[in-house]
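Below: the structure, in structure tokens.
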Amino acid sequence: MSVMETSASGTATPPWLTDLRARASETYEALGWPTQRVEDWRYTRLPERKDARGPGAAGAPELGAIPAAGANRAVLVNGRYRPDLSTLVDLPSAVQIGGLADVLRHDPDLVELYIGRLARLPNMPMTALNTSNLTDGIFVRVPAEYDLEQPLHLVSLGHGDDAAAQHPRILVVLEEGASARIVEHHTGSGSYFTNAISEFDLADGARLEHVKLQLEAPAATHVAGNYLGLGPEAQYEGFVLQTGGTVGRNEVHAYLGSSESDFTLNGVYLAAGRQVLDNTTRVQHAAPSSRSRQTFKGVLNAGARGVFQGKVLVERDAQQTDAHQLSRAVLLSSGAEVDAKPELEIYADDVRCSHGATAGELDEAALFYLESRGIPPTTARHMLVEGFLGETVDEISIEPAKDLIRAEIRSWLEANVDKKSRDPA
Amino acid sequence: MSLLEIKGLHATVDGKEIIRGLNLKIQPGEVHAIMGPNGSGKSTLSYVLSGREGYEVTQGEAWLDIKHNLLEMSPDERARAGIFLGFQYPVEIPGVPAMTFLKTALNAHRAERGEDELDAMDFLKLVRQKAMDLGIGDDMLKRAVNVGFSGGEKKRSEILQMAILEPRLAILDETDSGLDIDALRVVADGINALRNEERGMLVITHYQRLLEYVVPDYVHILANGRIVRSGGKELALELEAKGYAEFLKAA
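Protein sequence lines, in the order shown, are assigned to chains A and B.
Residues in the first sequence are numbered from 3 upward in steps of one, following my numbering.
Residues in the second sequence are numbered from 104 upward in steps of one, following my numbering.
Encoded structure:
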């Protein structure tokens, strides 16, 4: 048992955590709020919210309006775990799901083993800022060889105005041969700022299907880092949907440090108005014979902007790496824009790597073909966009999440895409 | 009462005049063939009638069933009024399932006529029946619109769409191109099965071959954007024997 100190609020804080927060705070202070002068943030201006520290307004969030993506649901409100809003049924006692603060109280050594191991601080100001605020979150641990078949719905709700900042934290540990399906769902109301960090530690042969939904309130700002570590023969199958917030940036950092691991990440982003949606990924192949696949598809209307920065790093020892990434975007308006920067950095000599990026308008010939069959122009445009996104969405294996994503795409199209797309106001 | 009446039509593409004073009347139940050399304006006519962007009408009129002023309608409105264009090169649309496409198109037509949408079972039955007649199997229907179809399959898929949408006037643009003799027969049988006393057809073709199977009531020769000669089905044979040169001199 480690020695505890007691904080002002009366909860015991293990010394390693006090130390971690202090280091995070120092790192954040040294790096400062990210600006476009930093290469990583060149394409996305993150509205400055550094003084937004306070938790958002309390109050009962509208959980009823959130469609369920699994029988088991764990809920954070402004980063705090809410057992009263969470529903965890039919779970064997060996599977651990609950509030991070609670685990920190009862089993801090367990948390210490994993937290911050993947979400490293150097050069990552937002990760440091999240970590300096670390008190609560969601903790999930699936024991060795256990298959958590039921999708687990992790909901993070934000509330509040411009002064509200939340730093949700999710830690998922899959032990050897364990498997799980997780839907990470970010939403809320107001103009709050979300700075989320999720860590997924996959041991040997573990398998995770993960859907991340960035459906924040329209006036909110969302920044997130998903950190993944894959053990030997571990498999990750991920999907990211971004359509919320005025600015949304989802970073995925995958470390393929053992051989024979398999990483798939697809994404869809839908942006309208003056929204900026950014997907930044970094896949590091550090051991032989691992595989990564990424396909991101964006649909941009009005004066919206999309960003895809995908870096695949293949280290010297990572022979027989097989890595592909593709960014495709459809621009529905002359004012819409996408910046795609797929990047390969390869130090091994026996690898198969490729990348590509395309951007263009909807196919006029296809539109005319549909219209010549009596299909109204608005419907025709919706069909073509759904067709463009369709095969990527079809690959999602968590059925309730797939249904939810299809419904989101449809309602986005209803709200944003009519006969002729609008130019920016 | 004319099914289609075109009066003094002029149309330009990229500022260049392609149709130069075209007149044509089609009565219900009639099949008209338009033949002409490359560049005579055959495909332009089909796009002008169906409303494709980039084909600008500078003069003239086109009326469907007397009441529909075609040139003032959008492509989808024309289609729901009863115009069907069989494409020379049907477009592949990845990601859009053929069945979704057919159902959306049919229901748009039904809504126009004030009819309820067809339910999934009735729709499936309708499509299966019509597809079988054209030798279109379930595997083709399961794919995305025209994606991975051979030339023959694409043309059969066009005829299937026509059979489902039951247009007033079918404009068939070079439907015979790229078809071998067996495929041509299947497609022609499909077209003939849709001939009736109400429906009109405008068959656009370069060669006489298709007209052996789809026998027209009238044949028109198009040259330099104008109809230079009209006649019965024997005109196609005369053209085949003499070639276009003879008729171009007249233009």
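Where is the CB? At the ideal position from N, CA and C, for every residue including glycine.
In this text, all values refer to a predicted model and were calculated from it rather than measured experimentally.
Can you name, in chain order, every residue of its own chain whose Cβ lies under 6 Å from the Cβ of B:Leu173, other than the five neighbours on each side? Ala165, Leu167 and Arg181
Quick check: what's the CA-CA separation for B:Asn207 versus B:Ala296? Note that residue 207 of chain B is Thr in the sequence shown here, rather than Asn. Distance between the alpha carbons of B:Thr207 and B:Ala296 is about 24 Å.
Where A:Glu87 falls: helix, strand or coil (DSSP): The question names Glu, yet the displayed sequence has Leu at residue 87 of chain A. Coil, per DSSP.
In this structure, how does DSSP classify A:Ala166 when only helix, strand and coil are distinguished? strand
Which residues of chain A have a Cβ atom closer than 7 Å to the Cβ of B:Gly139, listed in chain order? Near B:Gly139 there are no residues of chain A at all, since even the closest Cβ is about 22 Å away, more than 7 Å.
A:Lys421 (DSSP reduced to helix, strand or coil): coil
Got a sec: is the Cβ-Cβ distance from B:His309 to anything in chain A below 7 Å? no
Extent of the continuous beta strand (DSSP E) run through A:Thr137: Looking at the DSSP string, A:Thr137 is not in any beta strand (DSSP E), and its letter there is neither H nor E.
Going by alpha carbons, who is nearest to A:Leu150 out of A:Pro124, A:Arg183 and A:Glu347? A:Arg183
What residues from chain B crowd round A:Ser263, counting only those whose CB sits closer than 9 Å? Neighbours of A:Ser263 on chain B: none; closest Cβ ~30 Å, over 9 Å.
Consult DSSP for A:Ile407 and reduce its assignment to one of helix, strand or coil. helix
From the DSSP output, in three-state form, read off A:Ile377 for me. coil
Going straight from the alpha carbon of A:Gln296 to that of A:Ala70, what length do you get? Between the alpha carbons of A:Gln296 and A:Ala70 lies a gap of roughly 27 Å.
Enumerated in chain order, which unbroken segments of the beta strand (DSSP E) with a length of 3 residues or greater are wholly contained in the segment 320 to 355 of chain A? 324 to 333 and 339 to 348
For a cutoff of 7 Å on Cβ pairs, would you count B:Leu237 as touching chain A? no
A:Tyr45, buried or exposed, once every other Cβ within 10 Å from all chains shown has been counted against 16: Flag for A:Tyr45 reads buried.
Report yes or no: do three or more beta-carbon pairs, one from the segment 188 to 199 of chain A and one from the segment 82 to 95 of chain A, lie closer than 8 Å? no
Of all the beta strand (DSSP E) runs that stay within the bounds of the segment 119 to 182 of chain B, which reach a length of 3 or more residues? Within the segment 119 to 182 of chain B, the complete beta strand (DSSP E) runs of at least 3 residues are 119 to 129, 134 to 138 and 158 to 167.
Looking only at its own chain, which residues have a Cβ that is under 7 Å from the Cβ of B:Gly188, when we skip the five neighbours before and after it? It is worth fixing the name first, because residue 188 of chain B is Leu in this sequence and not Gly. So the list reads Ser149, Ser153, Ile274 and Asp276, once near-sequence residues are dropped.
I'd like the span of the alpha helix (DSSP H) that includes B:Met265, first residue to last. Gly254 to Leu268
Are the CB atoms of A:Thr223 and A:Glu253 within a distance shorter than 7 Å? no
List the residues of chain D that A:Thr381 touches, going by C-beta distances under 7 Å, in chain order. Here chain D cannot be found, since the structure's protein chains are A and B.
Does the segment 341 to 351 of chain B come close enough to the segment 154 to 162 of chain B that 3 or more CB-CB pairs lie under 8 Å? Too few Cβ pairs lie closer than 8 Å, so no.
Would you mind telling me which residues of chain B sit closer than 7 Å to A:Ala331, beta carbon to beta carbon, in chain order? Listed along chain B, no residue sits closer than 7 Å to A:Ala331 by beta-carbon distance, the nearest being about 15 Å off.
Would A:Arg412 pass as an interface residue toward chain B - the criterion being a Cβ-Cβ separation below 7 Å? no
Look at the alpha carbon of B:Ile121 and the alpha carbon of B:Gly142, and state the distance between them as a whole number of angstroms. Using only the alpha carbons, I get a separation of about 8 Å.
So which residues of chain B does A:Leu386 contact, with C-beta pairs closer than 9 Å? Ile196, Gly198 and Val199
Using a Cβ-Cβ cut-off of 7 Å, state whether B:Leu188 counts as contacting chain A. Look at B:Leu188: its C-beta is under 7 Å from a C-beta on chain A.
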